[in-house]
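Residue numbers (my numbering), protein chains in the order written: chain A, 7 to 117; chain X, 7 to 117; chain D, 5 to 159; chain Z, 5 to 159.
Some notes on the structure that comes next.
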Amino acid sequence: MSFNLRKDSKGVVVVGVDGQLIVGNRQELKQKVLDALEGGAKKFVIDFSRTGYIDSSGLGVLVSLSKKIREQGGDLRLAGLNEDLQTLFELTKLDTLFSILKTPEEAVAAF
Amino acid sequence: MSFNLRKDSKGVVVVGVDGQLIVGNRQELKQKVLDALEGGAKKFVIDFSRTGYIDSSGLGVLVSLSKKIREQGGDLRLAGLNEDLQTLFELTKLDTLFSILKTPEEAVAAF
Amino acid sequence: MTTPPAPPLRLVVRRRGREGQPLEFSLGVPSDLACVGDAVELVALQCRAGPLSMRRLAFNLRTALAEALTNAITYGSRRDPAKVVQVRVEVTVQAVVIRVQDVGDGFDPAAVPDPTVPANVAKEDGRGLFVLRHLVDQVTFNPKGNVICLTLRAG
Amino acid sequence: MTTPPAPPLRLVVRRRGREGQPLEFSLGVPSDLACVGDAVELVALQCRAGPLSMRRLAFNLRTALAEALTNAITYGSRRDPAKVVQVRVEVTVQAVVIRVQDVGDGFDPAAVPDPTVPANVAKEDGRGLFVLRHLVDQVTFNPKGNVICLTLRAG
Ligand SMILES: Nc1ncnc2c1ncn2[C@@H]1O[C@H](COP(=O)(O)OP(=O)(O)O)[C@@H](O)[C@H]1O
Ligand SMILES: Nc1ncnc2c1ncn2[C@@H]1O[C@H](COP(=O)(O)OP(=O)(O)O)[C@@H](O)[C@H]1O
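Encoded structure:
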C-alpha cells in the first residue's frame, strides 16, 4: 500500500507515504485525506519517513489539501522529511506554507 | 575486467574471475590461460572468490583447460568457491576431477 | 481495486556497459500518467551500474525524470496513450544523460513563470521545470521544445 | 578491444508488480551468445522485487536462465542473431516462472545422457540441463521441446 491512514487517540490523522508521491498516485492520497476530512477529521500529519521521492504534482496535491483542510478549520502538518525532501520544500519556498516537524510524533504532539 | 592474471614469486599464475564465467566470456579466459601456458607457466590457480555464477559452458572450459595444462605437465587448481559454487562442482561430480582448495593462498602454497 | 492493465513499457538495451564502456538504452513510454512511476524505476534500475551515488540515483534522477515524463505525457502527448514518449539514456563513467522526447508542438521554456515568487508560491502547479533544474547538473532543450535533455554528472 | 556492438535486447513490461499484484514482462534476446549475460542481468534486476532470496536470485535464477538461453540460442536458433529467443517472466508472491521459447525444432529432453556417469564426467559439454534441473524447483518442456519453463518458488 502506498498510503496508510491511522487516527490516534487525540483524533489526529497520520498518513504515511510509502515509496513515492507522484503524478500516478497523488489522486489516491487526495481522496483518502478528503474522505477523512468529510468524516470530521481536522488535524492531519503527513509522514514522509518512508518516502523515496515526491514530484511537483505531489507537492501540488499537498498545497491543495492544505487549503481545503484550512477551509474546514483544520490543519495539515508535514513530518519525517529527509535532507533531500527538506531541500525540495525549501527551494520551492513551500516550507513557508507548511508547518514542517521533524517526526510524526512531534507533529502530533504539537496539535 | 572479467579476468585478471598475476604470476606470484613461485611462478604460479593466479587467475581471478570477476562476476561470471559463462558462455559469453569463457573464450577470453581460455585464451588468457593458454597464452600463459604457451609462455611457459605450468601452475595455475583459478580464484572464484569474486565470482557470482558459472554456467555449464564455464565448467566445460575448466575441464578443457585442466586437460591441456596436464598434457604440458602442469596442474590447474580451483579456489575461493562459495557454498553454491562448491555444490555445483559436487553435483556435477567435477569435484572428483579438480583439486579444490579453500583460498587462493592455500592453493598456491600447496604447489 | 481492479485498475485496467496499463499499456506496456518497452525497453531496448542497445549497448551494454561492460568494463567502462558506455551503456545505452531507450524506453518507449505510452502516454499514460500511470506509467510514470514504473518508467522511472526501470530507468533507475538500469542506471545502478553507473557513476551516480545511491542517493542521487534514488532522489535526483528519479524526481527529475518523473518531472520530464509527466510534462511530455501531459503537454506533448495530451495524455493520448497511443502516443509514445521516447526516453534515451546514456550512462558513461562521467555522467548519466537522459533525453526525453515527445511528439507534441514543444514550448518556450524561457516563458515559464518562476513558481517561487509570492504570487505563485501557493499555486498547485508550475513547479516541475523549476524542481527539475535544481536536481540535475544540466538541462537543455531542442529549439522546438519537445526534447529535454538532463545531465547528471558522476558523484 | 573493439567488439562489434551486440544486437539490442528488447524488454516489454506488461504488468507492473505493485502491492502483491503479479509482475509480468518479456524479453526478446537476439540469438548471439554474447547477449546471454546481459539478458540474465536484465531479468534478475526485474525480479528483485519478487519472492526470491538475494542468494537464489543471484545464483540459482541466473545460472538456470543462462543455461536455458544458451541452449535456445545454440540449438534452437543455431546462433542466427536474426532469430529471437523469447523470454517471458511472471513474478508473483509465490514464485518466479520463466519461460524460454526458441524457434527451433525442439528435442527430447528424456534422451539427454546423464553427464555424471563415469564415461561422461570428464567431457566438456552436456551439463546444462542437469545443472538447470538442480537449481530450480520445477522444469517442464512443451511436447516439441522448444519451450522450457522454469519455476523458482518463493524463498
Ligand atoms: N514537453 C512539453 N511540451 C509542451 N509544453 C511543455 C512541456 N513541458 C512543459 N511545458 C510547458 O511548461 C509549463 C511549465 O511546466 P512545469 O514547470 O513542469 O509545471 P506544470 O507542468 O506544473 O505546469 C507547462 O505548464 C507547459 O505549458
Ligand atoms: N532448446 C533446445 N533445442 C534443441 N535441442 C536442445 C535444446 N536444449 C537442449 N538441447 C539438446 O539437449 C542436449 C543437452 O543439452 P545440455 O544439457 O544443455 O548440454 P550441452 O548444451 O552442453 O550439450 C544438447 O546437446 C542438445 O542436443
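Every residue, glycine too, gets a C-beta built ideally from N, C-alpha and C.
| Check | Outcome |
| --- | --- |
| Can you tell which of D:S30, D:R14, D:D84 and D:L15 has the C-alpha that lies nearest to the C-alpha of E94 (chain D)? | D:S30 |
| D61 (chain X) versus chain Z: which residues are under 7 angstroms apart at the beta carbon? | T67, A70, E71 and T74 |
| Does the distance between the C-beta of N124 (chain Z) and the nearest non-hydrogen atom of ligand 2 fall short of 7 angstroms? | no |
| The beta strand (DSSP E) that contains K73 (chain A), what's its start and end? | No beta strand (DSSP E) holds K73 (chain A); the alpha helix (DSSP H) holding it covers S62 to E77. |
| Which ranges does the alpha helix (DSSP H) cover as unbroken runs of at least 4 residues, wholly within the segment 64-135 of chain Z, from first to last along the chain? | 66-75 |
| Distance, Cα to Cα, A115 (chain D) vs L133 (chain D)? | 12 angstroms |
| If I measure Cβ to Cβ from C153 (chain D) and keep anything under 6 angstroms in the same chain, skipping five residues before and after, which residues do I get? | R103 and T144 |
| Could you tell me the alpha carbon to alpha carbon distance between P147 (chain D) and R12 (chain X), rounded to whole angstroms? | 54 angstroms |
| Checking the sheet assignment: what are the DSSP bridge partners for A85 (chain A)? | A:D53 and A:L107 |
| Can you tell me the Cα-Cα spacing of T96 (chain Z) and E28 (chain Z), whole angstroms? | 9 angstroms |
| Name the chain D residues that come within less than 7 angstroms of I28 (chain A), Cβ to Cβ? | V40, G41 and A70 |
| Measure the Cβ-Cβ separation of R56 (chain X) and V23 (chain X) and say whether it is below 8 angstroms. | yes |
| Let me check you understand the geometry: is the CB of N146 (chain D) closer than 7 angstroms to at least one non-hydrogen atom of ligand 1? | no |
| What does R82 (chain D) reach in chain Z if we use C-beta pairs closer than 9 angstroms? | What R82 (chain D) touches in chain Z: nothing, since even the nearest Cβ is about 23 angstroms away. |
| Check whether the Cβ atoms of L26 (chain A) and G80 (chain D) sit closer than 8 angstroms, and answer yes or no. | Inspection of the sequence shows that residue 26 (chain A) is occupied by Gln rather than by Leu. No, they are not a contact pair. |
| I believe A68 (chain D) touches V140 (chain D) by the beta-carbon criterion, under 8 angstroms. Please report the beta-carbon distance rounded to the nearest angstrom. | 5 angstroms |
| Could you check if V116 (chain Z) belongs to the surroundings of ligand 2, using beta carbon to heavy atom distance under 7 angstroms? | yes |
| Below 7 angstroms, is the gap between the Cβ of A76 (chain D) and the nearest heavy atom of ligand 1? | yes |
| Just to check my reading of the structure: K38 (chain X) and F9 (chain X) have Cβ atoms closer than 8 angstroms, yes? What is that Cβ distance to the nearest angstrom? | 6 angstroms |
| Taking Cβ positions only, does F95 (chain X) come closer than 8 angstroms to chain Z? | no |
| Quick check on this structure: which residue in D:L15, D:H138 and D:V44 has the alpha carbon closest to the alpha carbon of L91 (chain A)? | D:H138 |
| Let me check one thing: in DSSP terms, what residues is Q26 (chain X) bridge-paired to? | X:Y59 |
| Which whole-angstrom value describes the C-beta separation of L65 (chain X) and K36 (chain X), a residue pair presumed to lie in contact below a C-beta threshold of 8 angstroms? | In fact, because the Cβ distance is near 13 angstroms, the residues do not count as touching under 8 angstroms. |
| Between F104 (chain X) and D41 (chain X), what straight-line distance do the alpha-carbon atoms span, to the nearest angstrom? | 21 angstroms |
| Locate the beta strand (DSSP E) running through R12 (chain X), then write down its first and last residues. | F9 to K13 |
| Please find out if some non-hydrogen atom of ligand 1 comes closer than 7 angstroms to the beta-carbon of L49 (chain Z). | no |
| Cβ of S62 (chain X) within 8 angstroms of Cβ of E71 (chain Z)? | yes |
| Can you tell me where the beta strand (DSSP E) holding G32 (chain D) begins and where it ends? | L27 to P34 |
| Is it true that the CB of A76 (chain Z) sits closer than 8 angstroms to the CB of L65 (chain Z)? | no |
| In chain D, which residues lie less than 8 angstroms from L49 (chain Z) when you measure between Cβ atoms? | L49, Q50 and R52 |
| Assuming L94 (chain A) and V91 (chain D) form a contact by the criterion Cβ under 8 angstroms, report the distance between their Cβ atoms to the nearest whole angstrom. | That pair is no contact at about 23 angstroms. |
| Cβ closer than 9 angstroms: which chain X residues qualify as neighbours of F134 (chain Z)? | S62, L97 and T98 |
| Using the beta-carbon of each residue, which ones in chain D are nearer than 8 angstroms to V69 (chain A)? | A126, K127 and E128 |
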